[in-house]
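Visitor: Residue numbers (UniProt numbering): 1 to 100. Note that beta-carbon positions come from the ideal geometry of N, C-alpha and C, so glycine has one too. Sending over a structure as structure tokens; questions will come in a sec.
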């Protein structure tokens, strides 16, 4: 099995995708925190902390899931590009032999 080199573009893509996902859900998160801050009980600080921690855990697991998706898709794309490049190079070499 061919080892895949990890490039910085893969990690940049991962972080940009994760940030885009977080920006999409940010209004809902802000709304949830605002609702939690209107809680009228003794446990108001605890509720706020739990809501924020919940959002942080969810975003962390989204990052891990995106990492898995992007890493696997990069692996398969590189694998198929490598296979098709070998086929194309063999056909070009055969074509050049016939042409001579």
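For the alpha helix (DSSP H) that residue 39 lies in, which residues bound it at each end?
Guide: First-last for residue 39: undefined, no H or E at that position.
Visitor: Rounded to whole angstroms, what is the Cα-Cα separation between residue 68 and residue 10?
Guide: Between residue 68 and residue 10, the C-alpha separation is close to 11 Å.
Visitor: I'd like to know if the segment 21 to 30 and the segment 48 to 66 are in contact, where contact means that at least 3 CB-CB pairs between them fall below 8 Å.
Guide: Because the criterion of three Cβ pairs below 8 Å is met, the segment 21 to 30 and the segment 48 to 66 touch.
Visitor: Report the CB separation of residue 70 from residue 14 in whole angstroms; it is logged as a contact under 8 Å.
Guide: Sure, about 5 Å apart at Cβ, within 8 Å.
Visitor: Helix, strand or coil: how does DSSP classify residue 90 here?
Guide: Residue 90 falls in the helix class under three-state DSSP.
Visitor: Could you give the distance in angstroms between the alpha-carbon of residue 82 and the alpha-carbon of residue 55?
Guide: In a straight line, the C-alpha of residue 82 is about 40 Å away from that of residue 55.
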